[in-house]
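Asks:
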Amino acid sequence: MKKLTFLIALLLLGTDVILAQVSKGDVLIKNGTVITITDGTLENTDVLVEDGKISRIGRSLRTPNGVTEVDATGKYVMPGIIDAHSHIAGTSINEGTSQVTAEVQMGDVVDPLDLSIYRALAGGVTSIHLLHGSANVIGGESETLKLRYGVTDPQDMMFDGAPRTIKFALGENPTRGGRSRGIQPQSRMGVEAMLRNSLREAQIYKKTWDAYRADNSRRKIAPDYDRRMETLVDILDGEVLVHCHSYRADEINMLLNVFNDFGIENLTFQHANEAYKVAPELAEFGAGASVFSDWWAYKLEVYYSTAYNAAILTRNGVTTSINSDSGELIRHLFHEAAKSQKYGGLSDEEALALITLNPAKQLGIDNRVGSIEEGKDGDIAIFEGHPLSVYSIPVMTFVDGVKYFDRETDADDQRLYVDPESTIEEVQIFEADEQHKCMQDAEIINLYEFLNN
Amino acid sequence: MKKFITHIILIACFPLAAFGQQSAGEIRQENSGKYAITNAKIYTITNGTIENGTIIINRGIIEAVGADVEIPNGYGVYDYQGGEVYPGMIDSGTQLGLKEIGSIDEAQDFEEYGDITPQMEALTAVNPNSEAIPVTRVSGVTTTLTMPDGGLLPGTAATINLFGYTPDQMYAGSKGIVINFPNSRRSWRQTQEQADKAREKALEDLNSVFDKAELYADIEDADDIRYYPEMEALATAIRGDLLMYIEVNAAKDILSALEWVKNRGYDNVVFTGVLEGWRVAEEISEAGIPVITGPVLSTPTRGSDRYDAAYKNPGLMQQAGIKVAIRSGDTENARNLPYNAAFAAAYGMGREEALKAVTINAAEIMGVGDSIGSIEVGKKANLFVSTGDPFETKTEILNVFIDGFQVPMTSRQIELYEEFLNRNPGLNKYPVTEN
Chain C
18 MKKLTFLIAL
28 LLLGTDVILA
38 QVSKGDVLIK
48 NGTVITITDG
58 TLENTDVLVE
68 DGKISRIGRS
78 LRTPNGVTEV
88 DATGKYVMPG
98 IIDAHSHIAG
108 TSINEGTSQV
118 TAEVQMGDVV
128 DPLDLSIYRA
138 LAGGVTSIHL
148 LHGSANVIGG
158 ESETLKLRYG
168 VTDPQDMMFD
178 GAPRTIKFAL
188 GENPTRGGRS
198 RGIQPQSRMG
208 VEAMLRNSLR
218 EAQIYKKTWD
228 AYRADNSRRK
238 IAPDYDRRME
248 TLVDILDGEV
258 LVHCHSYRAD
268 EINMLLNVFN
278 DFGIENLTFQ
288 HANEAYKVAP
298 ELAEFGAGAS
308 VFSDWWAYKL
318 EVYYSTAYNA
328 AILTRNGVTT
338 SINSDSGELI
348 RHLFHEAAKS
358 QKYGGLSDEE
368 ALALITLNPA
378 KQLGIDNRVG
388 SIEEGKDGDI
398 AIFEGHPLSV
408 YSIPVMTFVD
418 GVKYFDRETD
428 ADDQRLYVDP
438 ESTIEEVQIF
448 EADEQHKCMQ
458 DAEIINLYEF
468 LNN
Chain R
14 MKKFITHIIL
24 IACFPLAAFG
34 QQSAGEIRQE
44 NSGKYAITNA
54 KIYTITNGTI
64 ENGTIIINRG
74 IIEAVGADVE
84 IPNGYGVYDY
94 QGGEVYPGMI
104 DSGTQLGLKE
114 IGSIDEAQDF
124 EEYGDITPQM
134 EALTAVNPNS
144 EAIPVTRVSG
154 VTTTLTMPDG
164 GLLPGTAATI
174 NLFGYTPDQM
184 YAGSKGIVIN
194 FPNSRRSWRQ
204 TQEQADKARE
214 KALEDLNSVF
224 DKAELYADIE
234 DADDIRYYPE
244 MEALATAIRG
254 DLLMYIEVNA
264 AKDILSALEW
274 VKNRGYDNVV
284 FTGVLEGWRV
294 AEEISEAGIP
304 VITGPVLSTP
314 TRGSDRYDAA
324 YKNPGLMQQA
334 GIKVAIRSGD
344 TENARNLPYN
354 AAFAAAYGMG
364 REEALKAVTI
374 NAAEIMGVGD
384 SIGSIEVGKK
394 ANLFVSTGDP
404 FETKTEILNV
414 FIDGFQVPMT
424 SRQIELYEEF
434 LNRNPGLNKY
444 PVTEN
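Line by line, the protein sequences give chains C and R.
Heads up: the first sequence begins at 18 in this note's numbering, then just goes up one per residue.
Heads up: the second sequence begins at 14 in this note's numbering, then just goes up one per residue.
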């Protein structure tokens with residue numbers, strides 16, 4: 018019997034080891050200029066990471082046994098950059114079969130082999146918010162990832178402990194879908210109606226299930242289980258943070274009203290090119306905005322944009338981040354953040370918070386990442402030159418104290434998977450227009466319909 | 014911090030400049046176009062940097078430039094007290110003026126029906142009042158090459174200055190036909206085999222069109238020749254009166270384009286795009302063909318390439334002896350031209366060469382090097398004044414002069430900022446007051 022217990026224990030231990038595939042590292046980053054974000058900039062300072070967590074920040078720290086030292090003399094050490102809007106590492110983006118698809122999850126389509134992950138690491142990025150697309154009014158659940166490039170199990174990419182998030186979408190994208198299929202919504206009126214209908218149905222669903230659960234009779238019959246409704250109920254209960262694709266001020270204002278009516282509080286507007294017009298309303302609600310540094314004019318609803326958006330929002334007290342939504346832009350988010358200094362004169366701290374602490378807040382992970390503080394995760398980027406200088410070059414990136422990017426020592430070819438059947442490598446010429454991935458997959462569905470009608 | 018304070022002081026001082034006080038939206042031409050820009054660090058690009066110099070401008074033309082230049086009587090004076098002056102930046106690859114809103118067909122005029130339409134003139138469709146023009150020029154970009162696209166021979170591109178009320182007032186004196194050189198790029202619906210076949214077919218078409226055009230050029234003066242507008246445009250290019258902008262990117266296609274140019278014996282050729290130029294830099298250099306490359310802010314063309322391959326491309330080509338200009342390849346965000354150049358600078362090209370790539374090189378490649386691209390006597394007063402290095406993100410552009418006109422330092426994006434920074438009314442139309 019004892020033997021059996023031992024065997025079971027051993028087996029469990031084994032399982033445990035398998036589950037703990039995510040490596041945690043130890044490293045002492047010595048003598049850098051440490052931009053903490055929350056506690057100013059510290060010259061000639063060491064940062065010690067032990068077992069994946071920042072354990073000490075100070076001068077002339079002693080190197081514990083077995084801990085690797087990294088000399089950051091003359092370099093800048095900052096928290097790993099967080100991209101609150103990304104579609105890299107996703108094998109599909111839109112579930113476009115319905116205008117409400119709260120039942121699907123981006124966590125099911127994570128591709129840890131995507132080379133874009135490495136390219137992002139080479140720009141100092143350590144975490145991304147892999148969002149569902151914007152083809153439908155209520156899209157699927159998104160997934161917060163840590164860029165542990167080299168793991169092959171999608172599960173090992175997940176940001177363990179990050180809150181659940183979901184994508185909503187307003188404006189041209191969902192109404193375009195409605196028009197191409199001849200269904201609601203085809204206008205911003207329809208978008209609001211669909212949101213209110215869905216949330217009202219979820220309230221009724223919740224009420225039915227609450228009544229069932231409270232019913233003590235033996236002959237009670239369970240109501241239908243609906244995965245879509247379950248997620249919507251979790252939104253009403255505040256367990257899922259909403260990230261809403263939006264552009265125009267009127268539609269942003271509309272969603273604030275809807276959420277006020279339904280008592281939903283956790284809300285960040287994505288893109289939000291016209292958020293600057295309703296900055297006081299956003300601040301009053303406590304909603305965040307995750308915006309582009311300067312993208313505009315690629316469609317009508319972004320024609321009245323201004324690159325000063327992030328600065329206006331920041332000055333009005335709105336928690337603001339700058340995101341990429343692009344496998345290209347994600348590589349230089351530090352430069353995108355710097356544009357808030359050209360367009361609106363934000364301070365260094367304010368500008369860098371746009372790509373660190375603020376997106377962390379919007380994703381509900383600011384207790385773990387977004388600044389260099391003792392007790393936080395060892396997600397750190399090292400730059401040659403101040404990260405807000407256009408000439409600055411990211412040189413090393415750590416996630417949980419493990420180095421995933423090193424400009425000096427990394428091989429040129431960092432692909433993890435090379436198609437054994439391919440003989441000649443395809444040349445992919447960069448097209449800026451292809452960077453907007455929000456409608457990816459949804460377009461193909463429309464094209465399919467086009468070809469069949 | 015010290016630097017920041019200097020910036021503040023500079024900005025605070027500039028309104029003191031005796032002339033050049035501009036009311037919002039006003040276009041000024043100081044003193045009938047006779048004025049001096051003085052007390053500034055002048056980056057001439059072609060003749061070094063003058064620490065504290067003066068530029069004399071008369072009716073849009075630079076009359077004198079130097080450290081000890083006397084300001085003639087009766088000239089207005091802009092005193093910049095330590096600001097920096099550069100020649101206006103040139104974005105040699107945009108669709109500025111031709112494309113207003115990306116997703117709306119009615120707001121786009123860069124593509125005409127047909128595969129072979131070299132006679133389509135971009136200049137005629139340039140909207141001088143495009144919202145993107147002020148947005149671009151307040152960042153110090155004063156000139157762009159605006160290009161048609163679509164099909165094999167989409168049309169004739171034009172170089173324009175970003176100020177003027179008609180396309181003719183904007184025209185900077187250089188045109189060229191665009192050739193989208195046949196490539197093996199596979200669309201998602203094609204197999205590679207189909208794409209290769211399409212490429213072969215396109216190359217045949219290109220050759221057949223140019224064969225005819227060469228013949229047309231020979232017999233154009235004959236009495237009863239029939240009028241072919243596309244042939245006339247091509248014949249003009251074949252005679253060397255129009256440039257040939259050959260858009261080509263993949264290494265294999267570049268080699269093929271080099272051979273095509275060599276076989277045809279054309280010498281008025283510019284390669285554009287050239288994202289894989291570094292792979293065949295020696296060959297391009299040997300052929301002596303100048304290059305307009307970009308966007309530099311783009312992803313590597315191959316998965317096996319180093320992550321920074323696109324950043325390094327311009328520098329590697331320049332070091333191989335190629336004359337390189339850098340373009341944004343953008344339209345509404347051509348304002349990011351300096352940042353494309355800056356990334357090239359940081360990743361091997363160096364600031365000096367990168368500056369040339371967005372000024373004098375671009376001008377010379379487009380054949381307008383005698384009128385723009387540097388601060389020299391006899392050239393146009395296309396220049397801007399900044400608080401420092403225009404590649405650095407924080408730097409403010411203080412004034413922009415195009416054709417000698419001081420253009421307003423505003424755009425719709427700035428106006429929206431001014432209106433909404435402290436919106437009035439704010440949250441409540443009539444805030445509740447204490448008393």
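Glycine included, C-beta positions come from ideal geometry on N, C-alpha and C.
Mind checking whether R/L158 and R/A170 have CB atoms under 7 Å apart?
Replies: The answer is yes: Cβ separation under 7 Å.
Asks: So, helix, strand or coil for C/Q379, using DSSP?
Replies: DSSP places C/Q379 in helix when its eight states are reduced to three.
Asks: At least one CB of chain C closer than 7 Å to the CB of R/N346: is that the case?
Replies: With 7 Å as the cut-off, R/N346 counts as an interface residue toward chain C.
Asks: Counting only C-beta atoms, is R/S143 closer than 7 Å to chain C at any point?
Replies: No, because no Cβ of chain C sits closer than 7 Å to the Cβ of R/S143.
Asks: For C/R333 versus C/A354, is the C-beta distance shorter than 7 Å?
Replies: Before going on, a small fix: residue 333 of chain C reads as Asn here, not Arg. No, the Cβ-Cβ distance between C/N333 and C/A354 is not below 7 Å.
Asks: Rounded to whole angstroms, what's the CA-CA distance from C/D131 to R/P444? Just pull it up for me.
Replies: Straight-line Cα distance between these residues: approximately 53 Å.
Asks: Which residues does DSSP list as the beta-bridge partners of R/G391?
Replies: R/G391 pairs with nothing; no bridge assigned.
Asks: Taking 7 Å as the CB-CB limit, is C/M456 close to chain R?
Replies: For C/M456, the answer is no, since every Cβ of chain R falls outside 7 Å of its Cβ.
Asks: Ignoring anything shorter than 4 residues, give me the alpha helix (DSSP H) runs that lie fully in the region 280 to 349 of chain R, in order along the chain.
Replies: Whole alpha helix (DSSP H) segments, 4+ residues: 294 to 300, 322 to 332.
Asks: Rounded to whole angstroms, what's the CA-CA distance from R/M330 to R/W291? Just pull it up for me.
Replies: Approximately 6 Å between the Cα atoms of the pair.
Asks: What residues of chain R sit near C/G344, judged by a beta carbon separation below 7 Å?
Replies: Neighbours of C/G344 on chain R, chain order: T312.
Asks: What does the Cβ neighbour count give for R/D343, buried or exposed, with the cut at 16 atoms within 10 Å?
Replies: When all chains shown are included, R/D343 counts as buried.
Asks: Between the Cα of C/E160 and those of C/G124, C/E60, C/G140, C/M456, spot the shortest distance and give me the residue it belongs to.
Replies: Measuring from the Cα of C/E160, the nearest candidate turns out to be C/G124.
Asks: Put C/Q452 into one of helix, strand or coil per three-state DSSP.
Replies: Helix.
Asks: Whose Cβ in chain R lies nearer than 7 Å to the Cβ of C/L132?
Replies: Result: G316.
Asks: For the beta strand (DSSP E) containing R/M257, list its first residue and its last residue.
Replies: Segment 256 to 261, the beta strand (DSSP E) holding R/M257.
Asks: Just the chain R side, please: which residues come within less than 8 Å of C/K359 by C-beta, in chain order?
Replies: Within 8 Å Cβ-Cβ: T406, K407, T408, E409.
Asks: Kindly indicate which residue of R/A226, R/I192, R/D383 has the alpha-carbon position closest to the one of R/R239.
Replies: Checking every option, the nearest Cα to that of R/R239 belongs to R/A226.
Asks: Does R/T446 come out as helix, strand or coil in the three-state DSSP assignment?
Replies: Looking at R/T446 - three-state DSSP - the assignment turns out to be coil, as it is neither helix nor strand.
Asks: Using the DSSP secondary-structure output, state which residues sit across from R/G89 in a beta bridge.
Replies: DSSP lists R/Y48 as partners of R/G89.
Asks: Using a Cβ cut-off of 7 Å (strictly closer), state whether R/R292 contacts chain C.
Replies: For R/R292, the answer is no, since every Cβ of chain C falls outside 7 Å of its Cβ.
Asks: Just how far apart, CA to CA, sit R/E432 and C/I329?
Replies: Between R/E432 and C/I329, the C-alpha separation is close to 10 Å.
Asks: Considering R/L158, what are the terminal residues of the alpha helix (DSSP H) in which it resides?
Replies: Where R/L158 is concerned, there is no enclosing alpha helix (DSSP H), although the beta strand (DSSP E) it sits in stretches over 154 to 159.
Asks: Quick one: residues in its chain with C-beta nearer than 6 Å to the C-beta of R/A358, no 5 flanking neighbours on either side, listed in chain order?
Replies: These residues qualify, in order along the chain: R364, A367.
Asks: Counting only beta-carbon atoms, is C/I446 nearer than 7 Å to chain R?
Replies: For C/I446, the answer is yes, since a Cβ of chain R falls inside 7 Å of its Cβ.
Asks: Look at the alpha carbon of C/N274 and the alpha carbon of C/Q201, and state the distance between them as a whole number of angstroms.
Replies: Looking at the two C-alpha atoms, the distance is approximately 21 Å.
Asks: Near C/Y320, which residues of its chain fall below 8 Å by C-beta distance, leaving aside the five closest residues on each side in sequence?
Replies: If we look at C/Y320 and ignore the five residues flanking it on each side, its Cβ neighbours are W313, A314.
Asks: So for C/S234, helix, strand or coil by DSSP?
Replies: C/S234 falls in the coil class under three-state DSSP.
Asks: Just how far apart, CA to CA, sit C/D43 and C/I269?
Replies: Whole-angstrom Cα-Cα distance: 44 Å.
Asks: Give me the chain C residues within the contact set of R/L271, using Cβ-Cβ distance strictly less than 9 Å, ordered along the chain.
Replies: Residues of chain C passing the Cβ test: none, with the nearest at roughly 17 Å.
Asks: Taking all protein chains shown into account, decide if C/R230 is buried (16 or more other Cβ within 10 angstroms of its Cβ) or exposed.
Replies: Answer is exposed; the Cβ neighbour count stays below 16.
Asks: In whole angstroms, give me the CA-to-CA distance for C/I347 and C/H260.
Replies: Approximately 19 Å, taken between the alpha carbons.
Asks: Just confirm the distance between the C-beta atoms of R/I388 and R/V78, as a whole number of angstroms; I'd bet it's less than 8 Å.
Replies: About 6 Å; that satisfies the 8 Å criterion.
Asks: Would a check of beta-carbon distances place R/S200 closer than 7 Å to chain C?
Replies: No, R/S200 lies away from the interface with chain C (no Cβ there is under 7 Å from its Cβ).
Asks: Taking C/A327 as the reference, give the member of C/G362, C/L317, C/H349 with the closest Cα.
Replies: It is C/G362 whose Cα lies nearest to the Cα of C/A327.
Asks: Have a look at C/N277 and C/Q287 and give me their C-alpha separation to the nearest angstrom.
Replies: Cα to Cα, the separation comes out at about 19 Å.
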